[in-house]
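The numbering of the sequence shown is the working numbering, which starts it at 111 and goes up by one. Here is the structure we will look at, set down as structure tokens.
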Amino acid sequence: MKNQYFILLALLSFSMNMLAQNVEIHPVFDRSENQIKSVDTIPDFQEKENKIKLYGTIYESDGVTPAKNVILYIEQADVNGDFDLRELDDKTYVHHRAWVKTDANGQYTLFTFIPGNDRRYNQLQQLFPTILEPTKSVYDIESFLFDEDPLLTKLCRKRILKKSDPTRILKLSKSDNIYMVKKDIVLDQDKIALK
């Protein structure tokens, strides 16, 4: 019985260690949390023609309470629909990425640009968001799409309306030389809390 206990304990320790290593590999951890503010800008933003100010509030799973200190990480393709991959310290990462951490009111602001379509693979224009809550594991949420995307067909929209969150389709409005879009996010209550 004692041997079984030690084997079980060793297996549990090993699996927890592997889980911790896998979590730390995610690019959301490439920036120290104390460097992340409620406002950030995607690299090359100033040179891009179709600039976007993406802002909103992240709410707790009740949909009412603002969630403070939640990290929203976003990565995206360039204007040609290609992911500009770079390497630093033997790690490959997407160049066009940014981190924001919600303020006390759950608010964030991100300056970015409209990514291109990868027409070779019929890929939509997308922003790929990841959430890191203070007491939970990192998790991806559905990509943000663009209402004006020529590849976002009526059939795609129907499927999204039926099986997905229709608010993931961003409806941009232009103000001066920048597109503005508000995107509120409600956290997923089913994600597992870290011990």
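Cβ coordinates follow ideal geometry from the N, Cα and C atoms, glycine included. Note that the coordinates shown come from a computational prediction; the quantities given were computed from them, not determined experimentally.
Closest by C-alpha distance to Asn-160, when choosing among Phe-238, Phe-256, Lys-147 and His-136: Ranking the options by Cα distance to Asn-160, first place goes to Phe-256.
Please determine, among Asn-287, Ile-135 and Gly-191, the residue with the shortest C-alpha to C-alpha distance to Pro-225. Gly-191
Let me know if Leu-265 comes out buried or exposed under the rule of 16 or more other beta-carbons within 10 Å of its beta-carbon. An exposed status is given to Leu-265, since fewer than 16 other beta-carbon atoms sit within 10 Å of its beta-carbon.
How do the segment 265-279 and the segment 172-192 stand: do at least 3 beta-carbon pairs fall below 8 angstroms, yes or no? Too few Cβ pairs lie closer than 8 angstroms, so no.
Going by beta-carbon coordinates alone, are Ser-247 and Leu-237 separated by less than 8 angstroms? no
In the DSSP assignment, find the unbroken beta strand (DSSP E) run with Leu-237 in it and report its ends. 236-242
Identify the continuous beta strand (DSSP E) that holds Lys-273 and give its terminal residues. Here Lys-273 belongs to no beta strand (DSSP E); instead the alpha helix (DSSP H) covers 264-273.
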